[in-house]
Each structure stands twice: as C-alpha cells, then as structure tokens.
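**Student:**
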Amino acid sequence: MNGPSHSLSSKALVHLTLLGYSLIALFPILLVIINSFKSRRAIFMDPLALPGPDSFSLDGYAKVLEESNFLLFFGNSLLVTLVPLFLVMLFGAMAAWALSEYRFRGNRLLALFLAMGIMVPIRLGTVSILEIMVSLNLVNTQMALILVYTAQGLPLAILILTEFVGQVPEELKEAARCEGVSEYRLFFQIILPLIRPAVATVAIFTMVPIWNDLWFPLILAPGPSTQTIQLGVQQFIGQYATDWNSVLSALSLAVLPVLVLYAFLSQHLIRGLTSGAVK
Amino acid sequence: MKRAFPWHLLFFLAPAVLIYTLFSAYPLFDTLRLSLFTDTTDGVRSFTGLSNFVTLLSDPNWSGPFWNALWNNTQFFIIHMLVQNPIGLMLAALLSMKDLRGGRTYRTLIFLPTLLSVVIIGFIWQLILSPLWGVSEGFLAFFGLDFLFEAWLGREGSALITLALISVWQFIGIPMMLIYAALLSIPDDLIEAARVDGASPWRTFWRIRVPLILPTLGLVTILTFVGNFNAFELIYAVKGALAGPNFSTDILGTFFYRTFFGYQSQIGSATMGATVATMMFLVILVGVMLYFFVIQRRLTRYQL
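From first to last, the protein sequence lines are chains W and R.
Quick note: the first sequence uses our numbering, first residue 1, plus one each step.
Quick note: the second sequence uses our numbering, first residue 1001, plus one each step.
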C-alpha cells in the first residue's frame, strides 16, 4: 500500500471531485433563484452577486403572481399528482398482493402484461389516448390526466410492491386466517401497514415524473383552467421572454416547492432509491 | 381450497388491471393498429395496410425528417452513454469508498437536478447559456477562455450536443444512485480478500467490482435508451416544436408531436402520428429485446 501522505492527498482529490460536481449540480439552480430577487439592472450588471439592499427587488414575483394564474396552476398540479399517487399506491398494493399471494390461472401472464408498461412508455399510445378522451368528453379536464397518470404509475408500483408483499412471513398470514380473518381485512389491516416503507418508495417513483410532466398536460388539458405548473410556466415564459425578472421568478416559483420537499424527504428518498435498487 | 368464485381476487385485481388496460395497454395497441389506417378529408377512416410506413420511409417529405430525427436521437443517446454513464460510474465509485465523510450530502446535492422538471431545467440553461446575460461568457473569461464562447444553443452544429449535455447534467443522478447501490451490495470480504492478495484499489475496482455490477450497468444502459428515445420536453421547452435551428435538434419525440398536431402549413394527422409512434415503439422494442436476449442473458451466464 501507499504511504499515509499519498492516501491523504488522494482523499483530498476525492473530496475535491465530489465537491466540484456538487457545485456543478447546484450552481445553475442557485443562480436563477438568487437573481430572481434582484432588480433588472443588477441581474445584468453582476449576475453572480447576492441581492443587496440596493439590488433587492420582488418585481418579478409581483408580476408573475399578478399576470398569471400561478396559484391555480399550482393547485392543478397538486390535484393531478396527488390523486393518481393515492390511486397508484392503493390499487398497486392490492394488485401486488393478489399477484403474489393467490395462485390462479394466468397469474404469470397477467404479471407480464402489467410489467410491459415499465419498458414501453405510455406516451406512444398518445394518439389513441386523445381519441378516447375526446369520446369520453374528458379533454381539458383534470380527470383525463388523473386516469392517464394512474395507468402510467401502476406497472412499476406493482413490480416493486410484489417484491415486498412476498417477504411478509407466511406464519403471520396463516395465523390471521386461522382466526377467521377475512382476506379483505387481512390485506387492509395487517399487510398494508406492514409494507408501508415500500409504499413510500413507490410514492416517490410515482410522484416525480407526474409532477414534472409536460406532454400530457400539453395534449390532454391545455385549457387555461386546467393548466399544470409546467405548462403554465412554459407558456408564461413564452409570453414574457424578454422580461427577465418575471422569467427568473417564474422559474424559481416552479422549483422552490420541490426544493423544500426534497430538503425534508431527501434522506428517505435516497434510502428508498438505493434499497429499491439492490436486487 | 376450492371455492365458488374468487370474489376477493376480482376485488384486489380489477381496479389496477382495468385502469392500466383502458388507458395504457389498449391505447398502445390501438395506436399500432391506427398506423395501418388513413383518414380522408371528410373524416372517414379506411384501412391502407402498410402504405403509411411506405410514405414515412420513402416519400422525401417524410423520410428526410424521419431519418434526421432518428439519427439525432441516436446521437443524443450516444452522448448520454459516453458522458452520463461513465461520470455516473465514477461518482458512484467515489461515493462508495469506505469511511468517506459527507457522502450523504454529496449524494443529496448531485441527485437534486434529477427531481426538477425538464422544462424548468431547459429554461434555466437557456438563460445561463444566453449571450444576452453573459454568465457563461463571464465564467469562461475567468479562466481566460472567453474566446471559446459561442451561442451554442443557437448554432446548427452545436445545439444538439449542448441539449444532450444539459440532459446529462440533469439525469446523472440516476446512473449514479443505481450503480452506487450495486457497489454497496458487493460483500466486503470479497474486496478484503483482493486487498490481502495485494491488488491495488484501481485493480480491485476494474477486475472485481465492475464485473460484479455489470447487470446494473446493463440496466442503466436500457433505462438510458428508453428514456432518450422517448425524450421530448427538453427540446420542446428550449427549441419549440420546430426543434431548430433548421431541425438540427429534432428527435423522435418532437417529430411525433409535429406529425400528430401539425405545424405551420402542414396539417396534423392522427394516423401518420400513430405511424411515427409505431416506429418509436419498434426502436424501443428492438433495444429492450437486445437487452433481454443478448446482454442480460450473457451477463447472468457470466456471473454463474
């Protein structure tokens, strides 16, 4: 092995690399947030400076909140993310339980059919999805997005949860059944609480792509009253492209909720990600 | 065990299977079916066999843009494979080092951009790279390299590469975390044994740890492939549906969108849109099959 001085300098190199990359990851986001709090002049004069007493300005935020329905977009995004999230977790856990617990004809085939949705992006069916929504009169409703996002999230949720449901000890289920507990009560009162940590992992995998999606809001619900935050920001920026204060503030407003959520949940999220990946 | 009818089975399975079938599986098959039809101007849909595909691949108005989008998409994927996944592997290797302090913080920070919306990321980078703002020019000037600065996103030769690198910047957290998790799951005594045998850390990494995580590298490859050939938002946010300049950033996702909804003078077509979607499906299918039947199978054999 090499001497201690060498290992010390290689350790410093490791930290330098990781720190450097962390800065690369963080810098663009910070830059936008910092400049969103500055006056137009300061944004261009000295982009890297923090907002000071004479450069601080909330003009951009005022304009965004005034000129766009930001709160409405935010509410829409929340609705079309949280409802599918709940449905994916509930229906996903139920299906995972059925697939791993009961032996029935076509079990494996059904599991394969459901798993297909993991590899084949739901977007490829957009032409037909739009036609279905038109015939159901659901275009420009949040219902359209809720249905599509639920369908989008289920395959991966079922795959992950099947793995976890399979780990519930056999004796536990047998003991419950011996006492005459029905299959429904067994699932909702015993199994579901047991797999709660896995459900949290699934929640993150499900939530992020839905919240960030632009494709389906653009195609299924572009109307002014149903726009999600991604679509709203995209159109707002298209309209106010030269108003840098507003653009920076709109971007910051779109990023901040995720940053706050991440600050609280990051440890849980990363644990879920790594444990979910180990197979 | 035999009961009259397994109502509970129906109860547990029906909601998920129903929603998935109606809004994901059926639309996919229906889209594949629609690619064999054509709409006349008075709205009558008639079966035309493979003629949409013939048009797409041989009519110069269609085949030019299609091959352009496919080739651009392939470049987009190659850049991810050459930049994103090696850097992801390197970061994961560093993070998995024993008694590394602050590893959790690094992980949290580097993973952050992955969670943000592609649209927002696209706009953020558009601002940063804009010659109007001058942030990147000023940054290069700090190293005396400002003569290198160009409006990369605006030039035909560099726009696609720049967009691919933005995407790499955003999604590097995914290969990093997957590989990191795989490295952690390698038993310690294996590494210890190699160390006792006198293998250098470098050699241990390439000869023991990398071969052991090959299945994860395969998984990262196929996830990158599916994600890249399904991409749309970044190009649309930064360059619009026309994927300029002069379609140099057009990929299959934007081409699909334009075909389906139309642009400028061209009227959108559901059936041609379905045809493009079917081609995308075939591209992804070929990739996934290659992964399952060639890569994954050889890897498992290698492991045994």
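Backbone N, C-alpha and C define an ideal beta-carbon position, used for all residues, glycine too.
Computed from a prediction, not measured in an experiment: that's the story for all the values here.
Just checking: is the beta-carbon of residue 1191 (chain R) within a distance shorter than 7 Å of some beta-carbon in chain W?
**Tutor:** The residue you call residue 1191 (chain R) lines up with position 191 of the second sequence. Residue 1191 (chain R) does not count as touching chain W.
**Student:** Please report how far the alpha carbon of residue 1096 (chain R) lies from the alpha carbon of residue 1226 (chain R), in whole angstroms.
**Tutor:** For the purposes of this step, residue 1096 (chain R) is identified with residue 96 of the second sequence, where counting begins at 1. For the purposes of this step, residue 1226 (chain R) is identified with residue 226 of the second sequence, where counting begins at 1. Straight-line Cα distance between these residues: approximately 27 Å.
**Student:** Using a Cβ-Cβ cut-off of 7 Å, state whether residue 181 (chain W) counts as contacting chain R.
**Tutor:** Residue 181 (chain W) sits at position 181 when you count from the first residue of the first sequence. So, not an interface residue.
**Student:** Going by C-alpha to C-alpha distance, which of W:101, W:251, W:256 and W:134 sits closest to residue 168 (chain W)?
**Tutor:** Taking the first residue of the first sequence as 1, we reach residue 168 (chain W) at position 168. The shortest Cα separation from residue 168 (chain W) among W:101, W:251, W:256 and W:134 belongs to W:101.
**Student:** Express the C-alpha separation of residue 44 (chain W) and residue 1295 (chain R) in angstroms, rounding to a whole number.
**Tutor:** Numbered from 1 along the second sequence, position 295 holds the residue referred to as residue 1295 (chain R). Numbered from 1 along the first sequence, position 44 holds the residue referred to as residue 44 (chain W). So the two alpha carbons sit approximately 51 Å from each other.
**Student:** Per DSSP, which one or two residues make a beta bridge with residue 38 (chain W)?
**Tutor:** On the first sequence, position 38 is the one that residue 38 (chain W) refers to. Partner(s): W:56.
**Student:** Measuring only the C-alpha atoms, how far is residue 114 (chain W) from residue 1276 (chain R)?
**Tutor:** For the purposes of this step, residue 114 (chain W) is taken as the residue at position 114 of the first sequence. For the purposes of this step, residue 1276 (chain R) is taken as the residue at position 276 of the second sequence. Taking the straight line joining both Cα atoms gives about 24 Å.
**Student:** Would you mind working out which of W:63, W:79 and W:207 sits nearest residue 157 (chain W), comparing C-alpha positions?
**Tutor:** Here residue 157 (chain W) refers to the residue found at position 157 of the first sequence. Of the listed residues, the one whose Cα sits closest to residue 157 (chain W) is W:207.
**Student:** Taking only the alpha-carbon atoms, compute the straight-line gap between residue 79 (chain W) and residue 231 (chain W) and give it to the nearest angstrom.
**Tutor:** To locate residue 79 (chain W), count along the first sequence from 1; it is residue 79. To locate residue 231 (chain W), count along the first sequence from 1; it is residue 231. Distance between the alpha carbons of residue 79 (chain W) and residue 231 (chain W) is about 15 Å.
**Student:** Counting only Cβ pairs nearer than 8 Å, list the residues of chain R close to residue 40 (chain W).
**Tutor:** Translated into the one-based positions of the first sequence, residue 40 (chain W) becomes position 40. Chain R residues near residue 40 (chain W): none, gap ~12 Å exceeds 8 Å.
**Student:** What's the gap between the Cα of residue 1260 (chain R) and the Cα of residue 128 (chain W)?
**Tutor:** Within the second sequence, residue 1260 (chain R) is the residue found at index 260, counting from 1. Within the first sequence, residue 128 (chain W) is the residue found at index 128, counting from 1. Straight-line Cα distance between these residues: approximately 11 Å.
**Student:** So the candidates are W:55, W:26, W:190 and W:216; which of them puts its Cα closest to the Cα of residue 176 (chain W)?
**Tutor:** Numbered from its first residue, the first sequence carries residue 176 (chain W) at position 176. Answer by Cα proximity: W:190.
**Student:** Spatial neighbours of residue 255 (chain W) within its chain, please: CB distance less than 8 Å, with the 5 preceding and 5 following residues excluded, ordered by chain position.
**Tutor:** For the purposes of this step, residue 255 (chain W) is taken as the residue at position 255 of the first sequence. If we look at residue 255 (chain W) and ignore the five residues flanking it on each side, its Cβ neighbours are 29, 32 and 33.
**Student:** Rounded to the nearest angstrom, what separates residue 282 (chain W) and residue 265 (chain W) at their Cα positions?
**Tutor:** Nothing about residue 282 (chain W) can be reported from this structure: the residues present for chain W run from 1 to 279 only.
**Student:** Secondary structure at residue 291 (chain W), three-state DSSP: helix, strand or coil?
**Tutor:** Summary: the structure shown does not reach residue 291 (chain W), with chain W confined to residues 1 through 279, and so no result is reported for it.
**Student:** Would you verify that the beta carbon of residue 151 (chain W) is, or is not, closer than 7 Å to some beta carbon of chain R?
**Tutor:** Position 151 of the first sequence, counted from the start, is the residue given in the question as residue 151 (chain W). Judged by the 7 Å Cβ criterion, residue 151 (chain W) is in contact with chain R.
**Student:** Pull up the distance between the alpha-carbon of residue 1021 (chain R) and that of residue 155 (chain W), whole angstroms please.
**Tutor:** Your numbering for residue 1021 (chain R) matches position 21 in the second sequence. Your numbering for residue 155 (chain W) matches position 155 in the first sequence. When rounded, the distance between both Cα atoms is 11 Å.
**Student:** Any beta carbon from chain R within less than 7 Å of residue 347 (chain W)'s own beta carbon?
**Tutor:** Past the edges of chain W, shown from 1 to 279, lies residue 347 (chain W), and the structure says nothing about it.
**Student:** Would DSSP call residue 102 (chain W) helix, strand or coil?
**Tutor:** Working through the first sequence from its first residue, we reach residue 102 (chain W) at position 102. If DSSP states are grouped into helix, strand and coil, residue 102 (chain W) belongs with coil.
**Student:** For residue 1284 (chain R), which residues of its own chain have a beta-carbon under 8 Å away from its beta-carbon, when the five flanking residues on both sides are left out?
**Tutor:** Taking the first residue of the second sequence as position 1, residue 1284 (chain R) is located at position 284. Correct list, in chain order: 1225, 1226, 1229 and 1230.
**Student:** Helix or strand or just coil, what does DSSP make of residue 1009 (chain R)?
**Tutor:** Counted from its first residue, the second sequence places residue 1009 (chain R) at position 9. Residue 1009 (chain R) falls in the helix class under three-state DSSP.
**Student:** Which same chain residues, not among the five before or five after residue 234 (chain W), have their C-beta less than 7 Å away from its C-beta?
**Tutor:** Here residue 234 (chain W) corresponds to residue number 234 of the first sequence, with the count starting at 1. Around residue 234 (chain W): 214.
**Student:** Alpha carbon to alpha carbon, what distance is there between residue 1014 (chain R) and residue 15 (chain W)?
**Tutor:** What you label residue 15 (chain W) is simply residue 15 of the first sequence in a count that begins at 1. What you label residue 1014 (chain R) is simply residue 14 of the second sequence in a count that begins at 1. Near 52 Å, if we compare the C-alpha coordinates of residue 1014 (chain R) and residue 15 (chain W).
**Student:** Under 8 Å between beta-carbons, which chain R residues line up against residue 104 (chain W)? List them in chain order, please.
**Tutor:** The residue you call residue 104 (chain W) lines up with position 104 of the first sequence. Going along chain R in sequence order, the residues near residue 104 (chain W) (Cβ under 8 Å) are 1006 and 1009.
**Student:** Comparing C-alpha positions only, which one of R:1195, R:1249 and R:1055 sits nearest to residue 1071 (chain R)?
**Tutor:** Walking along the second sequence from the start, residue 1071 (chain R) turns up at place 71. Of the listed residues, the one whose Cα sits closest to residue 1071 (chain R) is R:1249.
**Student:** Ends of the beta strand (DSSP E) at residue 1042 (chain R)?
**Tutor:** Walking along the second sequence from the start, residue 1042 (chain R) turns up at place 42. Looking at the DSSP string, residue 1042 (chain R) is not in any beta strand (DSSP E), and its letter there is neither H nor E.
**Student:** Can you tell me which of the three DSSP states residue 3 (chain W) falls into?
**Tutor:** In the first sequence, residue 3 (chain W) corresponds to position 3, counting from 1. Residue placement at residue 3 (chain W) is flagged as unreliable, the pLDDT there being 45, under the threshold of 50; the coordinate-derived value follows with that caveat. Residue 3 (chain W) falls in the coil class under three-state DSSP.
**Student:** Residue 1289 (chain R): buried (16+ other C-beta within 10 angstroms of its C-beta) or exposed?
**Tutor:** Working through the second sequence from its first residue, we reach residue 1289 (chain R) at position 289. Classification for residue 1289 (chain R): exposed.
**Student:** Mind listing the chain R neighbours of residue 185 (chain W)? Cutoff is C-beta to C-beta under 9 Å, in chain order.
**Tutor:** To locate residue 185 (chain W), count along the first sequence from 1; it is residue 185. Going along chain R, no residue has its Cβ under 9 Å from residue 185 (chain W), so there is no contact; the nearest lies around 11 Å.
**Student:** Comparing the C-beta of residue 1124 (chain R) with each C-beta of chain W, is any distance below 7 Å?
**Tutor:** In the second sequence, the residue the question calls residue 1124 (chain R) occupies position 124. Yes, contact with chain W.
**Student:** Applying the criterion that 16 or more other CB atoms from any shown protein chain within 10 Å of the CB defines a buried residue, is residue 1113 (chain R) buried or exposed?
**Tutor:** Numbered from 1 along the second sequence, position 113 holds the residue referred to as residue 1113 (chain R). Residue 1113 (chain R) should be labelled buried.
**Student:** What are the start and end residues of the alpha helix (DSSP H) that includes residue 129 (chain W)?
**Tutor:** Within the first sequence, numbered from 1, the residue matching residue 129 (chain W) stands at position 129. Element bounds for residue 129 (chain W): 126-135.
**Student:** Where residue 1218 (chain R) and residue 1291 (chain R) are concerned, what is the direct C-alpha to C-alpha distance, given to the nearest angstrom?
**Tutor:** By 1-based counting over the second sequence, the position of residue 1218 (chain R) is 218. By 1-based counting over the second sequence, the position of residue 1291 (chain R) is 291. Going by the C-alpha atoms only, they are around 7 Å apart.
**Student:** Among residues of its own chain, excluding the 5 on either side of residue 1186 (chain R), which ones have a beta-carbon nearer than 7 Å to its beta-carbon?
**Tutor:** For the purposes of this step, residue 1186 (chain R) is taken as residue 186 along the second sequence, with counting starting at 1. Contacts found: 1209 and 1212.
**Student:** Hey, how far is the Cα of residue 1264 (chain R) from the Cα of residue 1241 (chain R)?
**Tutor:** Against the second sequence, residue 1264 (chain R) aligns to sequence position 264. Against the second sequence, residue 1241 (chain R) aligns to sequence position 241. Whole-angstrom Cα-Cα distance: 10 Å.
**Student:** Please go through the same chain and pick out, in chain order, the residues whose beta-carbon is closer than 6 Å to the beta-carbon of residue 1287 (chain R), but skip the five residues on each side of it.
**Tutor:** Here residue 1287 (chain R) is taken as the residue at index 287 of the second sequence, counted from 1. Hits under 6 Å: 1225.
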